[in-house]
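**Q** Take a look at the following structure, please.
There are 2 protein chains.
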Amino acid sequence: MKRFTFVLIIITSTQLYLRMPLKNDLILRTIRREKTERTPVWLMRQAGRILPEYRKVRNSVSGFKELVETPELAAEVTVQPVDILGTDAAIIFSDILVIPEAMGLKYEMIEKKGPLFPETVRTEPDLKKLRVADAGDIQYTIDAIRITKKELDGRVPVIGFAGAPWTIFAYMVEGSGSKTFSKARAMLYTHPEFSHRLLAMITESTINYLQGQISAGADLVQLFDSWAGILSPAHYKEFSLPYIAEICDAIQEVPKTVFAKDAWFARRSIGKINCNTVGLDWCMDIRESRELIGDKVLQGNLDPCALYAGYDEITEQTRHMLNSFGPYYHIANLGHGVYPDTDPEKVKHFVNVVKEYSAGMR
Amino acid sequence: MKRFTFVLIIITSTQLYLRMPLKNDLILRTIRREKTERTPVWLMRQAGRILPEYRKVRNSVSGFKELVETPELAAEVTVQPVDILGTDAAIIFSDILVIPEAMGLKYEMIEKKGPLFPETVRTEPDLKKLRVADAGDIQYTIDAIRITKKELDGRVPVIGFAGAPWTIFAYMVEGSGSKTFSKARAMLYTHPEFSHRLLAMITESTINYLQGQISAGADLVQLFDSWAGILSPAHYKEFSLPYIAEICDAIQEVPKTVFAKDAWFARRSIGKINCNTVGLDWCMDIRESRELIGDKVLQGNLDPCALYAGYDEITEQTRHMLNSFGPYYHIANLGHGVYPDTDPEKVKHFVNVVKEYSAGMR
Numbered sequence: 044m045k046r047f048t049f050v051l052i053i054i055t056s057t058q059l060y061l062r063m064p065l066k067n068d069l070i071l072r073t074i075r076r077e078k079t080e081r082t083p084v085w086l087m088r089q090a091g092r093i094l095p096e097y098r099k100v101r102n103s104v105s106g107f108k109e110l111v112e113t114p115e116l117a118a119e120v121t122v123q124p125v126d127i128l129g130t131d132a133a134i135i136f137s138d139i140l141v142i143p144e145a146m147g148l149k150y151e152m153i154e155k156k157g158p159l160f161p162e163t164v165r166t167e168p169d170l171k172k173l174r175v176a177d178a179g180d181i182q183y184t185i186d187a188i189r190i191t192k193k194e195l196d197g198r199v200p201v202i203g204f205a206g207a208p209w210t211i212f213a214y215m216v217e218g219s220g221s222k223t224f225s226k227a228r229a230m231l232y233t234h235p236e237f238s239h240r241l242l243a244m245i246t247e248s249t250i251n252y253l254q255g256q257i258s259a260g261a262d263l264v265q266l267f268d269s270w271a272g273i274l275s276p277a278h279y280k281e282f283s284l285p286y287i288a289e290i291c292d293a294i295q296e297v298p299k300t301v302f303a304k305d306a307w308f309a310r311r312s313i314g315k316i317n318c319n320t321v322g323l324d325w326c327m328d329i330r331e332s333r334e335l336i337g338d339k340v341l342q343g344n345l346d347p348c349a350l351y352a353g354y355d356e357i358t359e360q361t362r363h364m365l366n367s368f369g370p371y372y373h374i375a376n377l378g379h380g381v382y383p384d385t386d387p388e389k390v391k392h393f394v395n396v397v398k399e400y401s402a403g404m405r
Numbered sequence: 044m045k046r047f048t049f050v051l052i053i054i055t056s057t058q059l060y061l062r063m064p065l066k067n068d069l070i071l072r073t074i075r076r077e078k079t080e081r082t083p084v085w086l087m088r089q090a091g092r093i094l095p096e097y098r099k100v101r102n103s104v105s106g107f108k109e110l111v112e113t114p115e116l117a118a119e120v121t122v123q124p125v126d127i128l129g130t131d132a133a134i135i136f137s138d139i140l141v142i143p144e145a146m147g148l149k150y151e152m153i154e155k156k157g158p159l160f161p162e163t164v165r166t167e168p169d170l171k172k173l174r175v176a177d178a179g180d181i182q183y184t185i186d187a188i189r190i191t192k193k194e195l196d197g198r199v200p201v202i203g204f205a206g207a208p209w210t211i212f213a214y215m216v217e218g219s220g221s222k223t224f225s226k227a228r229a230m231l232y233t234h235p236e237f238s239h240r241l242l243a244m245i246t247e248s249t250i251n252y253l254q255g256q257i258s259a260g261a262d263l264v265q266l267f268d269s270w271a272g273i274l275s276p277a278h279y280k281e282f283s284l285p286y287i288a289e290i291c292d293a294i295q296e297v298p299k300t301v302f303a304k305d306a307w308f309a310r311r312s313i314g315k316i317n318c319n320t321v322g323l324d325w326c327m328d329i330r331e332s333r334e335l336i337g338d339k340v341l342q343g344n345l346d347p348c349a350l351y352a353g354y355d356e357i358t359e360q361t362r363h364m365l366n367s368f369g370p371y372y373h374i375a376n377l378g379h380g381v382y383p384d385t386d387p388e389k390v391k392h393f394v395n396v397v398k399e400y401s402a403g404m405r
């Protein structure tokens with residue numbers, strides 16, 4: 044009886060964090076298409092790299108993966124940009140490649156080079172070695188979200204995320220980053236049926252993982268299709284979009300954002316799937332994207348390189364972006380992850396310009 | 044008097060090669076918008092890499108650059124794909140980075156890694172060290188074109204080429220290949236006036252170089268804007284297009300092709316500049332591109348990865364592409380350079396399907 048009571052208390056306490064009303068729910072109200080008092084702002088890759096405070100934590104462990112897999116530290120660097128940069132959301136510090144690893148395909152993160160998979164998935168025996176992952180296989184990120192929620196104490200929402208299945212597939216088949224991902228793309232031509240089976244396994248794993256993130260308290264989730272733009276429109280329609288759509292249909296509890304980098308040709312189709320927000324990269328014209336994507340909230344899209352400019356130029360570029368999106372249904376962000384050598388003061392300036400200028404646009 | 048006669052003979056003999064009527068002028072007739080008997084076909088990067096005959100020549104010298112700089116050998120590998128693959132044009136074997144080198148910025152080609160510039164152009168003193176290049180600074184490629192013309196003996200036209208100024212600028216500032224070219228793109232935000240001066244020098248050098256290629260016998264020229272797609276539309280309009288337009292205006296003697304990879308957003312603008320043909324990558328929808336680009340001849344655009352598929356799939360994909368372009372005003376090609384590990388037999392198959400199927404489309 045005593046033990047039973049104890050368990051109940053833990054559940055209640057977790058639920059409390061989950062349901063605690065947010066002090067800053069600007070992003071969520073924007074996604075609900077409410078006319079908010081200003082434009083919300085956060086940055087892709089804000090958790091990490093650019094902040095000296097991040098590098099201090101990063102240097103206290105053996106490598107990037109140890110940081111991802113240590114919930115207390117992952118939570119710490121997740122909260123840092125909220126404190127330091129003043130963003131309207133925290134995105135959980137993790138990596139899209141936790142999914143292949145949870146499916147049975149280990150990866151290494153090589154400093155300054157990127158991910159490397161010692162083994163790849165190109166044959167039936169390779170595929171047979173994989174399993175559909177549970178959220179529990181990535182418990183460290185689930186735990187990191189719980190700790191983050193507790194530490195944020197309702198200050199801002201927490202964004203969960205995963206890679207889109209095609210992008211994960213690309214790494215699993217190619218074995219590393221690549222300019223062309225020609226081995227992964229070749230697989231779609233040579234073994235379409237095999238490709239669909241692998242993509243289905245990734246999709247199922249991703250749904251399990253995102254549901255775990257949501258149970259742990261993620262207030263919204265984003266799918267990153269980082270290598271969307273190297274597929275032909277026909278292949279994108281066959282091998283990427285349906286799996287993104289399946290994930291969006293399966294996730295009902297929180298709003299969903301789809302960021303398909305360089306997939307300019309798929310904007311109309313992405314506008315029709317069951318997501319709330321669509322991310323734009325900096326090459327996508329804002330007006331044209333509004334027309335193609337329709338009623339969804341848009342997120343983006345300042346060129347990350349603009350943050351290398353002087354303060355006045357950043358102000359001008361940011362205001363120009365805000366004017367192009369208009370005051371409502373927009374979440375300000377960069378058009379890609381913030382580049383590692385960006386000056387954090389410039390990032391703060393970007394955040395402040397969004398806050399001040401967008402308030403004046405009402 | 045004797046010496047004078049001798050010189051005259053040489054000039055006459057060179058002119059003979061230049062003006063010799065072509066036995067296969069299918070590409071040139073297509074560019075003149077004539078209704079040809081079939082669709083012409085060639086492949087970007089056909090001269091090199093995929094052919095064992097190329098590798099034999101390549102292995103006889105110390106490296107890629109020695110091959111580029113040895114006219115007889117460059118001509119030999121230029122002619123190979125005409126003999127072996129049956130393409131309707133030869134493209135001179137060279138590299139877009141001969142221009143920076145002729146301007147005073149040496150580069151190395153690192154095997155399996157790509158180009159590396161030991162010095163870059165980021166400051167006024169860097170810029171002051173550079174000069175506008177003459178065609179004579181790249182005499183080896185000019186000579187290679189002359190030898191190629193002689194060896195081809197009018198069988199097919201010879202395509203000359205250069206990088207578009209933005210792409211050359213990107214390498215000169217960045218110092219190597221890069222996924223983001225963030226240093227080069229940052230320069231456009233931080234030092235726009237400096238950027239324009241460097242771009243103007245590259246443009247002038249490129250015009251001199253292309254005029255040299257044409258004097259040596261190039262029957263048409265192509266500009267490769269390989270890194271077009273990483274610029275925002277506003278930056279593309281300011282830092283790339285005007286320089287491409289300037290080159291196209293300066294070259295009057297032969298037809299010009301512009302291939303701006305991934306610059307889907309610039310298709311309407313490219314359709315308005317003074318070029319004859321526009322290259323499409325494999326992500327660009329053919330019908331949409333025809334509408335945006337207007338009256339120009341289109342070139343492309345099979346996904347290079349399609350050539351990894353089986354013969355039947357290649358047939359199907361190639362026919363589908365040909366049907367989408369329609370019978371006229373199209374030069375068949377891939378949507379990017381042929382990948383190095385492509386089976387030459389598959390390439391031959393692609394060439395043959397274009398020839399046979401397009402003849403039947405009339």
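Chains as they are written, first to last, in the working numbering: chain U, 44 to 405; chain A, 44 to 405.
Think of the CB as a built atom: it goes at the ideal place given N, C-alpha and C, for glycine as much as any other residue.
Rounded to whole angstroms, what is the Cα-Cα separation between residue 334 of chain U and residue 129 of chain A?
**A** Against the first sequence, residue 334 of chain U aligns to sequence position 291. Against the second sequence, residue 129 of chain A aligns to sequence position 86. So the two alpha carbons sit approximately 45 Å from each other.
**Q** Give me the Cα-Cα distance between residue 33 of chain U and residue 394 of chain U, rounded to the nearest whole angstrom.
**A** Here chain U covers residues 44 to 405 and nothing more, so residue 33 of chain U does not appear.
**Q** Measuring straight from C-alpha to C-alpha, what distance separates residue 312 of chain A and residue 276 of chain A?
**A** Looking up residue 312 of chain A in the second sequence gives position 269. Looking up residue 276 of chain A in the second sequence gives position 233. Cα to Cα, residue 312 of chain A sits roughly 10 Å from residue 276 of chain A.
**Q** Closer than 7 Å by beta-carbon distance: list the chain U residues that pair up with residue 356 of chain A, in chain order.
**A** The residue given as residue 356 of chain A occupies position 313 in the second sequence. Ordered by position in chain U, the residues that pass the 7 Å Cβ test against residue 356 of chain A are 232.
**Q** My output table needs one value for residue 393 of chain A: the three-state DSSP class, helix, strand or coil.
**A** Here residue 393 of chain A refers to the residue found at position 350 of the second sequence. Residue state, collapsed to three classes: helix.
**Q** Tell me the DSSP secondary structure of residue 275 of chain A in three-state form.
**A** The residue you call residue 275 of chain A lines up with position 232 of the second sequence. Of the three classes helix, strand and coil, the one that applies to residue 275 of chain A here is coil, per DSSP.
**Q** So what does DSSP say about residue 285 of chain U, is it helix, strand or coil?
**A** Here residue 285 of chain U refers to the residue found at position 242 when the first sequence is read from its first residue. Three-state result, residue 285 of chain U: helix.
**Q** Are there 16 or more other CB atoms within 10 angstroms of the CB of residue 251 of chain A, so buried, or fewer, so exposed?
**A** Against the second sequence, residue 251 of chain A aligns to sequence position 208. With 16 or more Cβ atoms within 10 Å of its Cβ, residue 251 of chain A is classed as buried.
**Q** With a threshold of 6 Å on Cβ separation, who are the neighbours of residue 370 of chain U within its own chain once the five nearest residues in sequence on each side are excluded?
**A** The sequence position of residue 370 of chain U within the first sequence is 327, counting from 1. So the list reads 404 and 405, once near-sequence residues are dropped.
**Q** Would you report the Cα separation of residue 131 of chain U and residue 69 of chain U, rounded to the nearest angstrom?
**A** Translated into the one-based positions of the first sequence, residue 131 of chain U becomes position 88. Translated into the one-based positions of the first sequence, residue 69 of chain U becomes position 26. Approximately 7 Å between the Cα atoms of the pair.
**Q** Compare the C-alpha of residue 73 of chain A against each of A/385, A/348, A/339 and A/350 and name the closest.
**A** In the second sequence, residue 73 of chain A corresponds to position 30, counting from 1. When each option's Cα is compared against that of residue 73 of chain A, the closest is A/339.
**Q** Quick one: is residue 276 of chain A near chain U, going by C-beta distance under 8 Å?
**A** Counting from one through the second sequence, the residue named residue 276 of chain A turns up at place 233. Output row for residue 276 of chain A: interface = yes.
**Q** Does the count of Cβ pairs from the segment 175-185 of chain U and the segment 251-268 of chain U closer than 8 Å reach three?
**A** Yes: the two stretches touch, three or more of their Cβ pairs being nearer than 8 Å.
**Q** Pull out every residue of the segment 367-396 of chain U whose Cβ sits closer than 7 Å to any Cβ of chain A, in chain order.
**A** Within the segment 367-396 of chain U, the residues whose Cβ lies closer than 7 Å to some Cβ of chain A are 382, listed in chain order.
**Q** Answer yes or no: does any C-beta atom of chain A fall closer than 8 Å to that of residue 204 of chain U?
**A** Position 161 of the first sequence, counted from the first residue, corresponds to residue 204 of chain U. Judged by the 8 Å Cβ criterion, residue 204 of chain U is not in contact with chain A.
**Q** Can you tell me where the alpha helix (DSSP H) with residue 127 of chain A in it begins and where it stops?
**A** Position 84 of the second sequence, counted from the first residue, corresponds to residue 127 of chain A. Its alpha helix (DSSP H) spans residues 114-127.
**Q** Could you tell me whether the Cβ of residue 303 of chain A comes closer than 8 Å to any Cβ of chain U?
**A** Along the second sequence, read from residue 1 onward, the residue named residue 303 of chain A stands at position 260. No, residue 303 of chain A lies away from the interface with chain U (no Cβ there is under 8 Å from its Cβ).
**Q** Step through the CB atoms of chain U and report whether any lies within less than 8 Å of the CB of residue 318 of chain A.
**A** By one-based count along the second sequence, residue 318 of chain A stands at place 275. Output row for residue 318 of chain A: interface = no.
**Q** Along the segment 266-290 of chain A, what residues have a CB closer than 8 Å to any CB found in chain U?
**A** Those residues of the segment 266-290 of chain A that come within reach of chain U (Cβ to Cβ, closer than 8 Å) are 272, 273, 274, 275, 276 and 278.
**Q** Let me know the secondary structure DSSP gives residue 139 of chain A once reduced to three states.
**A** Here residue 139 of chain A refers to the residue found at position 96 of the second sequence. Of the three classes helix, strand and coil, the one that applies to residue 139 of chain A here is coil, per DSSP.
**Q** Nearest to residue 66 of chain A by CA position, among A/386, A/192, A/401 and A/167, is which residue?
**A** Here residue 66 of chain A corresponds to residue number 23 of the second sequence, with the count starting at 1. Nearest C-alpha to residue 66 of chain A: A/192.
**Q** Do you know how far the Cα of residue 112 of chain U is from the Cα of residue 169 of chain U?
**A** On the first sequence, residue 169 of chain U is found 126 positions in, with the first residue counted as 1. On the first sequence, residue 112 of chain U is found 69 positions in, with the first residue counted as 1. Taking the straight line from one Cα to the other gives about 25 Å.
**Q** Interface residues of chain A around residue 85 of chain U at Cβ under 7 Å?
**A** Reading the first sequence from its first residue, position 42 is the one you call residue 85 of chain U. Chain A residues near residue 85 of chain U: none, gap ~20 Å exceeds 7 Å.
**Q** Closest Cβ-Cβ distance between residue 163 of chain A and chain U: below 8 Å?
**A** Against the second sequence, residue 163 of chain A aligns to sequence position 120. Cβ-Cβ to chain U under 8 Å: no for residue 163 of chain A.
**Q** Which residues in chain A have a C-beta closer than 9 Å to the C-beta of residue 219 of chain U? List them in chain order.
**A** Counting from one through the first sequence, the residue named residue 219 of chain U turns up at place 176. Residues of chain A passing the Cβ test: none, with the nearest at roughly 13 Å.
**Q** Can you tell me where the alpha helix (DSSP H) holding residue 230 of chain A begins and where it ends?
**A** Along the second sequence, one-based indexing puts residue 230 of chain A at 187. Residues 225-233.
**Q** How long is the line joining the alpha carbons of residue 247 of chain U and residue 109 of chain U, rounded to whole angstroms?
**A** Translated into positions along the first sequence, residue 247 of chain U becomes position 204. Translated into positions along the first sequence, residue 109 of chain U becomes position 66. Those two C-alpha atoms are separated by around 26 Å.
**Q** With distances taken from CA atoms, which of U/319, U/306 and U/282 is nearest residue 292 of chain U?
**A** Indexing the first sequence from 1 puts residue 292 of chain U at position 249. The shortest Cα separation from residue 292 of chain U among U/319, U/306 and U/282 belongs to U/319.
**Q** Take residue 389 of chain A as the anchor and find which of A/136, A/75, A/64 and A/86 has the nearest alpha-carbon.
**A** Numbered from its first residue, the second sequence carries residue 389 of chain A at position 346. Cα-wise, what sits closest to residue 389 of chain A is A/86.
**Q** Just by C-beta distance, which residues in the segment 221-252 of chain U are closer than 8 Å to chain A?
**A** Answer in chain order: 222, 223, 225, 228, 229, 231, 232 and 233.
**Q** Would a check of beta-carbon distances place residue 212 of chain U closer than 8 Å to chain A?
**A** As a first step, residue 212 of chain U is located in the first sequence; it is residue number 169 there, counting from the start. By this cut-off, residue 212 of chain U is not an interface position.
**Q** Would you tell me roughly how many angstroms separate the C-alpha atoms of residue 299 of chain A and residue 288 of chain A, rounded to the nearest one?
**A** The sequence position of residue 299 of chain A within the second sequence is 256, counting from 1. The sequence position of residue 288 of chain A within the second sequence is 245, counting from 1. When rounded, the distance between both Cα atoms is 11 Å.
**Q** Got a sec? Which residues, its chain only, sit under 6 Å from residue 259 of chain U by beta carbon, not counting five neighbours each side?
**A** In the first sequence, residue 259 of chain U corresponds to position 216, counting from 1. Closer than 6 Å at the Cβ level, and outside the excluded window around residue 259 of chain U, lie 185, 188 and 189.
**Q** So which residues of chain A does residue 209 of chain U contact, with C-beta pairs closer than 9 Å?
**A** The residue labelled residue 209 of chain U in the question sits at position 166 within the first sequence. Simply none; closest approach about 14 Å.
**Q** With a threshold of 16 other CB atoms inside 10 Å of the CB of residue 344 of chain U, please say whether the residue is buried or exposed.
**A** Mapped onto the first sequence, residue 344 of chain U falls at position 301. Under this definition residue 344 of chain U is a buried residue.
**Q** Leaving out five residues before and five after residue 272 of chain A in sequence, what residues of the same chain have Cβ atoms less than 7 Å from its Cβ?
**A** Stepping through the second sequence from its first residue, residue 272 of chain A is reached at position 229. Within the same chain, residue 272 of chain A has close Cβ partners 304, 305 and 306.
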